[in-house]
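Step one of this worksheet: look at the structure below.
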Amino acid sequence: MGKVLLIEPDFILARTYKVALETVGHTVIMVSGAQSGISAADDCMPDAVVMEIQLIEHSGIEFLYEFRSYPEWQAIPVIIHSQIPPSEFAGSWEILKRDLGVNAYLYKTGTTLGSLIKTVEGALTPVNNEPVQL
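In this note's numbering, the protein residues as written are 70 to 203.
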């Protein structure tokens, strides 16, 4: 199983996702913001990142630009799990995928805990390293 960095500003949701991922054997490092996400990644070197794109202080996009600026983090799979509908990013999917290395975009409203777990596990063991399309 993998080490997952979970960046989620809503504590109740973060705790729920943490428990679900830990139940299937993942280690989860839970933080609420972009800067604490960078610090946590530096401390723990995650195998995958699951993040909300709407974060306090710095946006998830700012986090991704900084995160991807470090060579040792460029291959780490990133899953956006957001309350923003994917249609809002449909025109930017190529940039998210190509430039920021986003592997999947999950809309919270339509994602079960089982789907989240399956997506994380798929990102940790990619078949062909191809990102999930919106």
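The beta carbon of each residue, even a glycine, is placed where N, CA and C say it ideally should be.
Report the three-state DSSP secondary structure of residue i (helix, strand or coil).
| i | result |
| --- | --- |
| VAL171 | strand |
| ALA117 | strand |
| SER138 | coil |
| SER222 | Residue 222 is absent from the structure shown; the chain starts at 70 and stops at 203. |
| GLU190 | helix |
| ASN145 | The amino acid occupying residue 145 in the given sequence is Ile; Asn does not appear at that position. In this structure, ILE145 counts as coil in the three-state DSSP scheme. |
| ILE107 | helix |
| ILE125 | strand |
| THR85 | helix |
| GLY94 | coil |
Rounded to the nearest angstrom, what separates residue i and residue j at their Cα positions?
| i | j | result |
| --- | --- | --- |
| VAL93 | LYS87 | 10 Å |
| VAL73 | GLU190 | 10 Å |
| HIS95 | GLY71 | 5 Å |
| PHE158 | CYS113 | 30 Å |
| ASN172 | SER184 | 14 Å |
| ALA192 | PHE80 | 24 Å |
| GLY218 | SER156 | Only positions 70 to 203 of the chain appear in the structure, and residue 218 is not among them; the question remains open. |
Can you pull the DSSP bridge partners for residue i?
| i | result |
| --- | --- |
| GLY71 | The partner list for GLY71 (beta bridge, DSSP) is empty, contrary to what the question assumes. |
| PHE183 | First, the amino acid is wrong: residue 183 is Gly here, not Phe. None; GLY183 has no bridge partner. |
| VAL100 | ILE76 |
| TYR176 | SER151 |
Using a beta-carbon distance below 8 Å, is residue i in contact with chain D?
| i | result |
| --- | --- |
| VAL97 | Given the protein chain composition of this structure (a single chain), no chain D is represented. |
Among the options, which has the Cα closest to the Cα of residue i?
| i | options | result |
| --- | --- | --- |
| GLN143 | GLU77, LEU185, ALA109 and PRO115 | PRO115 |
| SER101 | SER128, LYS177, LEU90 and ALA117 | SER128 |
| ILE186 | ILE125, PHE132, GLU135 and VAL119 | VAL119 |
| GLN123 | ALA110, GLU135 and HIS150 | HIS150 |
| ILE178 | LEU75, PRO154, GLY170 and ILE164 | For the sequence presented, residue 178 should be read as Thr rather than Ile. Nearest of LEU75, PRO154, GLY170 and ILE164 to THR178, Cα basis: PRO154. |
| SER105 | LEU90, ILE125, TYR176 and GLY160 | ILE125 |
If we count the other Cβ atoms within 10 Å of its Cβ and call it buried at 16 or more, is residue i buried or exposed?
| i | result |
| --- | --- |
| VAL97 | buried |
| PRO146 | buried |
| GLU121 | buried |
| ILE107 | buried |
| ILE148 | buried |
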